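Notes follow the structure.
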């Protein structure tokens, strides 16, 4: 019995490794295609006052905006790291988390997050969509002055290490949060802005935007590149159970399948 269990686990591990290697090379092809024919400009030193001039100097036609959409525990962090590790990419990990959490509290939604993205009739929830669209526009335009502060002080940006583009900003905020009042982050913002201004490719990775949102984003920016990253839902659910255990109910499983079908 023990030998059979061992052989089963070994076979499953080999399949996992094989799939992972296959995914790596597939994603490498995507990555190579995205970065072909891109001219890179060196980032100005921290504290430089030439952000606007530098932004205007770069030919706008050479820029590329990328939106990576997937599902919670869908393996997107792996793909995101391919972008994150490239020094010529401005990468923002989960940019919508702050407005997502704010909307959950406002609507008193604790478990069924599907109700945040769509109303009871299945239509796009306009309030959340408009907020996310505005944030998307401001990030791609490097218009940080018009990004709400809740998105700039969220731990995903100000504390975690998921986005290397924010490393200097994060270090600055950790040293200044207690000295300059509520808007301490503004002292540090130029450090992130400088990265955005000079990097031709800007990538947003999210599990909080369905594909129906991306369709409307594309109407505003037809040149936007959208990557819809899908993992076998059985793997997603197995990973979720390892994190959430009994909280991963049959209702949530049904919602995942509905969202996959809708997308």
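Residue numbers (full-length UniProt numbering): 1 to 263. Just so it is clear, CB atoms sit at the ideal spot from N, CA and C, and this is done for glycine as well. All figures in this text were calculated on a predicted structure; none of them were measured in a lab.
What residues in its chain sit with their C-beta under 6 angstroms from that of residue 202, if we drop five residues either side in the sequence? Cβ within range, chain order: 65, 90, 140.
Residue environment, residue 205, which counts as buried when at least 16 other CB atoms sit within 10 Å: buried
What separation, rounded to the nearest whole angstrom, lies between the Cα atoms of residue 88 and residue 145? 23 angstroms
By the three-class DSSP mapping on this structure, what secondary structure does residue 255 have? helix
Sort 262, 163, 105, 120 by Cα distance to residue 81 and report the nearest one. 163
Beta-carbon gap between residue 227 and residue 68 smaller than 9 angstroms: yes
Closer than 8 angstroms is the cut-off here; do at least three beta carbon pairs connect the stretch 232-244 with the stretch 154-173? Too few Cβ pairs lie closer than 8 angstroms, so no.
Could you check if residue 174 is buried or exposed, using at least 16 other CB atoms within 10 Å of its CB as the buried criterion? exposed
In terms of residues, what are the limits of the alpha helix (DSSP H) holding residue 156? Element bounds for residue 156: 155-158.
I'd like to check one pair, residue 124 with residue 116: are the Cβ atoms closer than 9 angstroms? no
Spatially closest choice to residue 186 from 153, 120, 214, by CA coordinates: Considering only alpha carbons, the answer is 153.
How about residue 148 and residue 133: are their beta carbons less than 9 angstroms apart? no
Taking DSSP's pairing of strands, which residues face residue 205 in a bridge? 68, 93
Span of the alpha helix (DSSP H), counted from its first residue to its last, around residue 114: Boundaries of the alpha helix (DSSP H) harbouring residue 114: 114-117, taken from the DSSP string.
Can you give me the C-alpha to C-alpha distance between residue 72 and residue 94, rounded to a whole angstrom? Each residue's Cα considered, the two are about 11 angstroms apart.
May I ask which residues mark the beginning and end of the beta strand (DSSP E) holding residue 227? 225-228
Which residue's Cα is closest to the Cα of residue 190: 103, 207, 167, 121? 167
Just to confirm before moving on: does the CB-CB distance between residue 165 and residue 84 stay below 9 angstroms? yes
Which residue marks the beginning of the alpha helix (DSSP H) containing residue 124, and which one marks its end? Where residue 124 is concerned, there is no enclosing alpha helix (DSSP H), given that its DSSP letter is neither H nor E.
Between the alpha carbons of residue 100 and residue 217, how many angstroms are there, rounded? 17 angstroms
So what's residue 261 in DSSP terms, helix, strand or just coil? helix
Where does residue 109 sit, in a helix, a strand or coil, going by DSSP? coil
CA nearest to the CA of residue 299, picked from 142, 120, 86, 103: There is simply no residue 299 to check, as the chain begins at 1 and stops at 263 in what is shown.
Buried or exposed for residue 122, please, with buried defined as at least 16 other CB atoms from any protein chain shown within 10 angstroms of its CB. exposed
To the nearest angstrom, how far is the alpha carbon of residue 242 from that of residue 74? The alpha-carbon atoms of residue 242 and residue 74 are separated by roughly 13 angstroms.
Residue 257 classed as buried or exposed, judged by whether at least 16 other C-beta atoms fall within 10 angstroms: exposed
Just mark residue 254 as buried or exposed, buried being the case when its beta carbon has 16 or more other beta carbons within 10 Å. Residue 254 should be labelled exposed.
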